[in-house]
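*Asks:* Heads up, the sequence shown is in the numbering used here, so the first residue is 363 and it goes up one at a time.
Take this structure, written in structure tokens, and hold onto it; I'll ask about it next.
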Amino acid sequence: MGSVLTVRLEEELSRRLQELAAEKHANKSDLVREALQDYLDKEQSLSEIRGLASERFAEGKIGFDDLVQILGFEEAKTVAYYTDVAERSFDDGL
363 MGSVLTVRLE
373 EELSRRLQEL
383 AAEKHANKSD
393 LVREALQDYL
403 DKEQSLSEIR
413 GLASERFAEG
423 KIGFDDLVQI
433 LGFEEAKTVA
443 YYTDVAERSF
453 DDGL
């Protein structure tokens, strides 16, 4: 048996969930569980993509502009900074 999670929903979201449950002849818990699983799977995939893009940038296989397209400017700027720090550390023999 799984664990129990209590979630407080806004009225509109609760109403929409109830309508979908009625339409699909499903219970609300099953719909929420399915939606949560889909969300977590998507986030894991996106995290893996971000990691691969960061690796490719560090390896010089993609440029900064490509990294920005994948990660967004702020995250790409952070990756570029740490890549530069790591490269300088290796160059200095640290």
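By construction, the Cβ of each residue, glycine as well, lies at the ideal position given by its N, Cα and C atoms.
Which stretch, first to last residue, makes up the alpha helix (DSSP H) that contains I432?
*Replies:* Counted from its first residue, the sequence shown places residue 432 at position 70. Looking at the DSSP string, the run of the alpha helix (DSSP H) that includes I432 is F426 to L433.
*Asks:* Report the rounded CA-to-CA distance for T368 versus V441, giving the unit in angstroms.
*Replies:* The sequence position of residue 368 within the sequence shown is 6, counting from 1. The sequence position of residue 441 within the sequence shown is 79, counting from 1. Rounded to whole angstroms, T368 to V441 spans 37 angstroms at the Cα level.
*Asks:* To the nearest angstrom, how far is it from the Cα of A384 to the Cα of Q406?
*Replies:* Counting from one through the sequence shown, the residue named residue 384 turns up at place 22. Counting from one through the sequence shown, the residue named residue 406 turns up at place 44. If I take the Cα positions, the gap works out to 30 angstroms.
*Asks:* With a CB to CB cut of under 6 angstroms and the five nearest residues on each side skipped, what residues in its chain are close to T445?
*Replies:* For the purposes of this step, residue 445 is taken as residue 83 along the sequence shown, with counting starting at 1. Only A420 meet the Cβ criterion.
*Asks:* Between F426 and the rest of its own chain, which residues show a CB-CB distance below 8 angstroms, the 5 nearest in sequence each way excluded?
*Replies:* Position 64 of the sequence shown holds residue 426. Taken in chain order, the residues that qualify are F419, A438 and A442.
*Asks:* Please say whether K386 and L375 have beta carbons closer to each other than 9 angstroms?
*Replies:* Residue mapping note: residue 375 aligns to position 13 of the sequence shown, counting from 1. Residue mapping note: residue 386 aligns to position 24 of the sequence shown, counting from 1. Not closer than 9 angstroms, so no.
*Asks:* Out of A415, E396 and E449, which one is the CA nearest neighbour of V430?
*Replies:* On the sequence shown, position 68 is the one that residue 430 refers to. Measuring from the Cα of V430, the nearest candidate turns out to be A415.
*Asks:* Can you tell me whether R378 is helix, strand or coil according to DSSP?
*Replies:* Position 16 of the sequence shown, counted from the first residue, corresponds to residue 378. Correct three-state label for R378: helix.
*Asks:* Quick one, are the C-beta atoms of K390 and Q380 less than 9 angstroms apart?
*Replies:* Position 28 of the sequence shown, counted from the first residue, corresponds to residue 390. Position 18 of the sequence shown, counted from the first residue, corresponds to residue 380. Yes, they are a contact pair.
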